[in-house]
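K.L.:
Using the working numbering, count along the sequence shown one by one with no gaps and you end on 1042. All residues carry an ideal CB built from backbone N, CA and C; glycine is no exception.
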Amino acid sequence: MIRNVKHTVLCAVLIVFSVFGLSAEKTPVDDLYHYTLDNGLNVYVVENHAAPLAYIEIAVKAGGIAQSPQTAGLFHLYEHMMFKGNTKYRDAAAVQRAISDMGVPDWNGTTGAECVNYFFTVPSKLLRDGMEFWSYAIREPLLDPQEFETEKKVVLSEIEGGLADPDTIYSSGIRKTLFPKYPWRADPAGSPDVVRSATIGQIKDIQKKYYIPNNAALFVGGDVDPDEVYRLAKELYGSWRKGGDPWAEQAEPQLDEPLTRVVYQVMPYDKISPQIAQVSVMFRGPDAGRDVRSTYAADVTGYLFQDPQGVYVKTMMDTKELGIPDQQYVWEGYQTTRATSILNFGALVTDPDSNLPQRSQLFLKTITDAVVPRILGNKNIFTKPQFDQIHQKMKDNWINDSETAEQVKNNLRFWWITASDDYYYHYVGNMMKVDKKGIDAFLNKYINGKNALVTVLVNPAVYEQQKQDFADAGFVEITKDTAFWYEDPAYRDAEAAK
């Protein structure tokens, strides 16, 4: 079953303030300390002595969100070069030896739509070694020309491998449709042509602009002394040269209403059984970068829509023509992002060989003509016990998400990238302020009267039986030839004309 799971992180509003030393800034979370170096580097320390381990991560606000058509893929390529040698560990073999000598069981780097991060876990007695390792890796990569050409081939292999992967094709098609003006900002993997022609000079340009302390944060958690982490951070990262604010000039945002009509898409998907199909309805959602207030309302609405006896699930189950076998196969998903948020309603339906195009259209109609009007038209549709239950779930989720230092570190980093540390600290309190009026405002702004993207994933054999029916209903097939923005002549021609 395919579900969208909200990356939920909750702030403990009842936890007392913690203070550690004169150099640490107060945070509303016990055992979480925040320092800021003179060069602008944020240092967050989560103290938890349950195990003799230290979790170390360096994160940068970059990735897809910082790309243009000419640079899409360079952050991905830079990620690979981080592990190919620096001024202390001169080549990839030396980097690997250093990692092995620290007993690191798992290490990685990722390039996402809004974040580039690198992380591993070391024995806490090797805290200094671990912090020093990432200092050299992020500040002083050698960018050896031979390694660079080798890694270009590796990255190209990864990108081109996605051209045949159904999940990559599907997600790329969605991004291209919902973010038609700047699809490259939602595509951290990048364009093969950009990677193929990349130069070290280009890599140095993005390094100088984005890989700077005032655009980065160091997260350390586990069996550590916060003041010791701060001392080491000043020693190892204090000379990292501050740069200009890479976000000082606000880029034009993605379109709030990208669709001029409802768009219907279908994809033959060999991972799905012939006995079921997946129907999804997607709208543009609120971005934390521009509409923070609505992000809280979107999350509260998501909690309400998870209720098996709530208006959303119950209305869908009562609409028997949809053929949803059980309430557990209905979902609503939303993950807050800085600039590319999506609201996703979906269900698995049975008997996909029977009127699937029309039933998919009915799924959308049930949301827009039944669920949303019922909410907007009834000020008492959500009861106090329902809101009380949501508030309790928030507190429970906070406890679950705070069990280990690594969990706290991961959640804090997510929100530091997406919004701010303050958003993380006060999340529960702001969620509790959302009322029916706020929910109505959110629904009117993002769903009511808005055009949606409707997608269907169906077994290829079943699709062939109804291919003409889908076409007659206005569905367009998602294929590897249509899903990727850099394969679209419209984007290539527009860029060539500049």
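Pull up the DSSP beta-bridge partners for HIS970, would you.
P.N.:
One-based indexing of the sequence shown puts residue 970 at position 426. Answer by DSSP bridge pairing: none, since HIS970 is not bridged.
K.L.:
Give every residue of the same chain whose Cβ lies closer than 8 Å to the Cβ of ASP800, excluding the five residues on either side of it in the sequence, and list them in chain order.
P.N.:
For the purposes of this step, residue 800 is identified with residue 256 of the sequence shown, where counting begins at 1. Closer than 8 Å at the Cβ level, and outside the excluded window around ASP800, lie ARG828.
K.L.:
How would you call GLY565, buried or exposed, if buried means at least 16 neighbouring beta carbons within 10 angstroms?
P.N.:
Position 21 of the sequence shown, counting from 1, holds the residue named residue 565. Note on GLY565: pLDDT 39, under 50, position unreliable in the model; the coordinate value appears next. Exposed, since its Cβ has fewer than 16 Cβ neighbours within 10 Å.
K.L.:
From the DSSP secondary-structure annotation, give me the bridge partner or partners of THR712.
P.N.:
For the purposes of this step, residue 712 is taken as residue 168 along the sequence shown, with counting starting at 1. According to DSSP, which records beta bridges pairwise, THR712 is partnered with nothing at all.
K.L.:
Leaving out five residues on either side along the sequence, give the residues of the same chain with a beta carbon under 7 Å from the beta carbon of ARG1036.
P.N.:
Stepping through the sequence shown from its first residue, residue 1036 is reached at position 492. Counting only Cβ-Cβ distances below 7 Å, and skipping sequence neighbours, we find nothing.
K.L.:
So, are the CB atoms of ILE1022 and GLY717 less than 8 Å apart?
P.N.:
Your numbering for residue 1022 matches position 478 in the sequence shown. Your numbering for residue 717 matches position 173 in the sequence shown. Yes, they are a contact pair.
K.L.:
So, are the CB atoms of ALA606 and VAL768 less than 8 Å apart?
P.N.:
As a position in the sequence shown, residue 606 is number 62, starting the count at 1. As a position in the sequence shown, residue 768 is number 224, starting the count at 1. No.
K.L.:
So, with DSSP's three-state summary, where would you put GLY982?
P.N.:
In the sequence shown, the residue the question calls residue 982 occupies position 438. Note: GLY982 maps to helix in three-state DSSP.
K.L.:
If you run the structure through DSSP and keep just helix, strand and coil, what is TYR755?
P.N.:
The sequence position of residue 755 within the sequence shown is 211, counting from 1. Three-state DSSP puts TYR755 in coil, outside helix and strand.
K.L.:
For the beta strand (DSSP E) containing ILE1022, name the first residue and the last one.
P.N.:
The sequence position of residue 1022 within the sequence shown is 478, counting from 1. Per DSSP, ILE1022 belongs to no beta strand (DSSP E) and is neither H nor E.
K.L.:
Give me the Cα-Cα distance between MET626 and GLY993, rounded to the nearest whole angstrom.
P.N.:
By one-based count along the sequence shown, residue 626 stands at place 82. By one-based count along the sequence shown, residue 993 stands at place 449. MET626 and GLY993: Cα-Cα distance of roughly 47 Å.
K.L.:
How many angstroms separate the CA atom of ALA616 from the CA atom of ALA730?
P.N.:
Locating residue 616 in the sequence shown gives position 72, where the first residue counts as 1. Locating residue 730 in the sequence shown gives position 186, where the first residue counts as 1. Cα to Cα, the separation comes out at about 10 Å.
K.L.:
Suppose contacts are defined by Cβ-Cβ distances below 8 Å. Is THR884 in contact with ALA657 by that definition?
P.N.:
Stepping through the sequence shown from its first residue, residue 884 is reached at position 340. Stepping through the sequence shown from its first residue, residue 657 is reached at position 113. Taking 8 Å as the Cβ cut-off, THR884 and ALA657 qualify as a contacting pair.
K.L.:
Our contact map puts LEU576 next to LEU762 with C-beta atoms below 8 Å; I'd like the distance itself, whole angstroms only.
P.N.:
Walking along the sequence shown from the start, residue 576 turns up at place 32. Walking along the sequence shown from the start, residue 762 turns up at place 218. The Cβ separation is near 14 Å, so there is no contact.
K.L.:
Given SER735, which residues of its chain have a CB within under 6 Å of its CB, disregarding the five upstream and five downstream residues?
P.N.:
On the sequence shown, position 191 is the one that residue 735 refers to. If we look at SER735 and ignore the five residues flanking it on each side, its Cβ neighbours are ALA616, GLY617 and TYR1030.
K.L.:
Compute the distance between the beta-carbons of ILE602 and TRP678, then report whether it is under 8 Å.
P.N.:
Taking the first residue of the sequence shown as position 1, residue 602 is located at position 58. Taking the first residue of the sequence shown as position 1, residue 678 is located at position 134. Yes, Cβ-Cβ distance for ILE602 and TRP678 is below 8 Å.
K.L.:
Whole angstroms is fine: what's the gap from TYR873's alpha carbon to ARG834's?
P.N.:
If you number the sequence shown from 1, residue 873 lands on position 329. If you number the sequence shown from 1, residue 834 lands on position 290. Each residue's Cα considered, the two are about 32 Å apart.
K.L.:
Roughly how many whole angstroms lie between the Cα atoms of LEU1001 and VAL823?
P.N.:
By 1-based counting over the sequence shown, the position of residue 1001 is 457. By 1-based counting over the sequence shown, the position of residue 823 is 279. C-alpha separation (whole angstroms): 7 Å.
K.L.:
Please go through the same chain and pick out, in chain order, the residues whose beta-carbon is closer than 7 Å to the beta-carbon of LYS778, but skip the five residues on each side of it.
P.N.:
Locating residue 778 in the sequence shown gives position 234, counting from the first residue. So the qualifying residues of the chain are LEU581.
K.L.:
Could you check how far apart the C-beta atoms of GLY846 and TYR878 are, in whole angstroms? I think they sit under 8 Å.
P.N.:
Reading the sequence shown from its first residue, position 302 is the one you call residue 846. Reading the sequence shown from its first residue, position 334 is the one you call residue 878. With a Cβ gap of about 5 Å, GLY846 and TYR878 count as contacting.
K.L.:
State the CB to CB distance for the pair LEU906 and ALA821, rounded to an integer number of angstroms; the pair is presumed to be in contact (CB under 8 Å).
P.N.:
In the sequence shown, residue 906 corresponds to position 362, counting from 1. In the sequence shown, residue 821 corresponds to position 277, counting from 1. Not confirmed; about 13 Å, so no contact.
K.L.:
How big is the Cα-Cα spacing for PHE1019 and VAL773?
P.N.:
On the sequence shown, position 475 is the one that residue 1019 refers to. On the sequence shown, position 229 is the one that residue 773 refers to. Rounded to whole angstroms, PHE1019 to VAL773 spans 56 Å at the Cα level.
K.L.:
Are the segment 791-808 and the segment 693-702 in contact at 8 Å, needing three or more beta carbon pairs?
P.N.:
Verdict: no, contact absent.
K.L.:
Excluding five sequence neighbours on each side, which residues of the same chain lie with their C-beta closer than 8 Å to the C-beta of ASP737?
P.N.:
Here the question's residue 737 lines up with position 193 in the sequence shown. These residues qualify, in order along the chain: TYR1030.
K.L.:
Report the option in VAL764, VAL604, LYS628 and GLY629 whose CA atom is closest to the CA atom of PHE619.
P.N.:
Along the sequence shown, one-based indexing puts residue 619 at 75. Closest option to PHE619, Cα to Cα, is VAL604.
K.L.:
So, with DSSP's three-state summary, where would you put SER904?
P.N.:
Translated into the one-based positions of the sequence shown, residue 904 becomes position 360. Helix.
K.L.:
Could you work out which residue in ALA841, LEU956 and PHE1014 is closest to GLY982 when comparing CA atoms only?
P.N.:
To locate residue 982, count along the sequence shown from 1; it is residue 438. Selected option, being the one with the closest Cα: ALA841.
K.L.:
Which runs of the alpha helix (DSSP H) spanning at least 4 residues fall entirely within the segment 654-701, listed in chain order?
P.N.:
List check, alpha helix (DSSP H) in window: 671-683.
K.L.:
Return the bridge partner residues of VAL1002 from the DSSP annotation.
P.N.:
To locate residue 1002, count along the sequence shown from 1; it is residue 458. Paired residue(s): PRO812 and ALA821.
K.L.:
Heavy atom of the ligand MN less than 7 Å from the Cβ of GLY787, yes or no?
P.N.:
Among the components modelled here there is no ligand, and therefore nothing to report on the ligand MN.
K.L.:
Rounded to the nearest angstrom, how far is the Cβ of VAL806 from that of VAL998, given a contact under 8 Å?
P.N.:
Your numbering for residue 806 matches position 262 in the sequence shown. Your numbering for residue 998 matches position 454 in the sequence shown. That belief holds up - the Cβ atoms of VAL806 and VAL998 are roughly 7 Å apart, short of 8 Å.
K.L.:
Quick check on MET860: does DSSP put it in helix, strand or coil?
P.N.:
Here residue 860 refers to the residue found at position 316 of the sequence shown. Note: MET860 maps to helix in three-state DSSP.
K.L.:
What residues in its chain sit with their C-beta under 8 Å from that of THR714, if we drop five residues either side in the sequence?
P.N.:
The sequence position of residue 714 within the sequence shown is 170, counting from 1. Correcting the residue type first, residue 714 is Tyr in the shown sequence and not Thr. Excluding positions up to five away in sequence, the list reads MET811, TYR813, THR999, LEU1001, ILE1022 and ALA1027.
K.L.:
Nearest to THR894 by alpha carbon, out of SER904, PRO572 and THR654?
P.N.:
By 1-based counting over the sequence shown, the position of residue 894 is 350. Per the Cα distances, SER904.
K.L.:
Tell me which residues share the same chain as LEU776 and place their Cβ nearer than 6 Å to its Cβ, disregarding the 5 neighbours each side in the sequence.
P.N.:
Within the sequence shown, numbered from 1, the residue matching residue 776 stands at position 232. Correct list, in chain order: ARG672 and MET675.
K.L.:
Which of the three DSSP states, helix, strand or coil, is assigned to TYR577?
P.N.:
The count along the sequence shown starts at 1 and reaches residue 577 at position 33. In this structure, TYR577 counts as strand in the three-state DSSP scheme.
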